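Chemist:
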Amino acid sequence: MELDFSVISPDIDETPKNDESPSNYVLRLAVQKSADAVQMAPQSSLERIFVGADTCVSIDEHKLGKPENLAEARQMLELLSGQIHQVYSAVSVTNCRITRCVVAVSEVEFNHLTETQIQSYLASGESENRAGAYAIQGRAVAFVKRVVGSLTSVIGMPVKETAELLELAGVSVPSYASVAGNVLAEFQFEHYWPDDYYI
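Adding 350 to a residue's 1-based position in the sequence shown gives its number in this note's numbering.
#1: Going by DSSP, what residue range makes up the beta strand (DSSP E) through Arg424?
#2: Would you call Thr365 buried or exposed, if buried means 16 or more other Cβ atoms sit within 10 Å of its Cβ?
#3: Given a cut-off of 7 Å, decide if Ala519 and Ile399 are closer than it, judged by their beta-carbon atoms.
#4: Please classify Leu353: does DSSP put it in a helix, a strand, or coil?
#5: Kindly indicate which residue of Gly402, Gly506, Ser395, Asp369 has the alpha-carbon position closest to the one of Arg480.
#6: Where does Asp361 land, buried or exposed, given buried means 16+ other C-beta within 10 angstroms?
#7: Glu397: buried (16+ other C-beta within 10 angstroms of its C-beta) or exposed?
#8: Could you name the residues of the same chain whose beta carbon sits closer than 8 Å to that of Ile486, not counting the 5 residues immediately before and after it, in chain order?
#9: Please go through the same chain and pick out, in chain order, the residues whose beta-carbon is closer than 6 Å to the beta-carbon of Ala490, but skip the five residues on each side of it.
#10: Tell me, to the nearest whole angstrom, how far the beta carbon of Thr449 is from that of Val443; I am working on the premise that it is less than 8 Å.
#11: Spatial neighbours of Tyr548 within its chain, please: C-beta separation below 8 Å, excluding the five flanking residues on both sides.
#12: Nearest by alpha-carbon distance to Val453: which of Tyr471, Gln393, Val521, Asp404 is it?
#13: Given Glu536, which residues of its chain have a CB within under 6 Å of its CB, disregarding the five upstream and five downstream residues?
#14: Taking only three categories from DSSP, how would you classify Glu536?
#15: In angstroms with no decimal places, state the Cα-to-Cα distance between Asn461 and Gln393.
#16: Which partner residues of Leu413 appear in the DSSP bridge assignment?
#17: Measure how close the beta-carbons of Tyr471 and Leu427 come, nearest whole angstrom, since I'm counting them as under 8 Å.
#18: Can you tell me the Cα-Cα spacing of Glu517 and Glu411, whole angstroms?
#19: To which residues of the same chain is Asn445 closer than 7 Å at the C-beta, ignoring the five residues directly before and after it?
#20: What residues in its chain sit with their C-beta under 7 Å from that of Pro417, if we drop five residues either side in the sequence?
#21: Quick check on the burial criterion: 16 or more other C-beta atoms within 10 angstroms. Buried or exposed for Gln538?
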């Protein structure tokens with residue numbers, strides 16, 4: 351989007367809550383990230399815009415976050431092999447007074463993965479720190495049979511939805527940033543810092 355930005359990395363607990371839906375899960379984490387970033391930012395930065403995002407893969411009611419090790423990454427890839435799954439990506443944009451958030455959902459179908467493909471992919475290191483143990487913008491694009499919805503959402507930052515939220519927050523975004531997306535839900539709420547920033 352050709353926007354200047356800096357990175358703040360809050361250390362949050364990404365453990366799902368009991369019976370938490372994938373959309374509520376990524377929404378909660380995205381909001382928490384943007385809220386924690388506000389708390390961590392210097393006072394001089396508080397008039398800036400803060401963006402938080404999170405992504406999770408869901409298949410057969412299983413939420414797949416980032417694998418903790420190669421064994422878990424292998425389990426995830428084996429589970430996704432030859433199957434259709436959903437990718438939920440949430441974005442939260444706050445100006446310290448109002449937070450607007452959106453959840454985008456896309457459907458991804460994987461080809462059947464061979465043991466050689468899985469082994470080679472794990473050896474590449476690309477599965478680390480990736481929801482569902484894969485990066486569609488990298489080598490894993492070869493695993494994908496089809497995507498229904500927003501490709502950028504599957505990558506982890508839905509561009510169209512993010513651009514729209516930034517525009518609502520008063521940020522001028524280039525028109526080409528609006529690409530096809532599939533919005534699942536949108537929320538807007540007032541802030542009560544520092545505790546009540548959960549939906």
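C-beta: ideal position from N, C-alpha, C; glycine also. Note that the coordinates shown come from a computational prediction; the quantities given were computed from them, not determined experimentally.
Modeler: For this structure:
#1: It is not in any beta strand (DSSP E) - Arg424 instead sits in the alpha helix (DSSP H) that spans 420-430.
#2: exposed
#3: yes
#4: coil
#5: For Arg480, the nearest C-alpha among the options comes from Gly506.
#6: Exposed: under 16 other Cβ atoms inside 10 Å.
#7: exposed
#8: Val458, Val494, Val497, Leu501, Val504, Ile505
#9: Once the five neighbours on either side are set aside, the close Cβ partners of Ala490 are Tyr484.
#10: 7 Å
#11: Residue placement at Tyr548 cannot be trusted, given a pLDDT of 36 that sits under 50; the coordinates are not used to answer.
#12: Taking Val453 as reference, the option from Tyr471, Gln393, Val521, Asp404 with the minimal CA-CA separation is Asp404.
#13: Its pLDDT being 42, under 50, Glu536 is placed unreliably in this model, and the value from its coordinates should be taken loosely. Answer for Glu536: Val452, listed in chain order.
#14: A caution first: Glu536 carries a pLDDT of 42, below 50, which makes its placement in the model unreliable, though a value can still be read off. The answer is strand: DSSP assigns Glu536 an E or B state.
#15: 49 Å
#16: Reading off the sequence, residue 413 comes out as Lys, not Leu. Beta-bridge pairing links Lys413 to Ser408.
#17: 7 Å
#18: 34 Å
#19: Closer than 7 Å at Cβ, skipping near neighbours: Ile399, Ala519.
#20: Ala423, Met426, Ser477, Ala483
#21: For Gln538, the predicted structure reports a pLDDT of 45, less than 50, and the residue's modelled location is therefore unreliable. A value from the coordinates is still provided. Answer is exposed; the Cβ neighbour count stays below 16.
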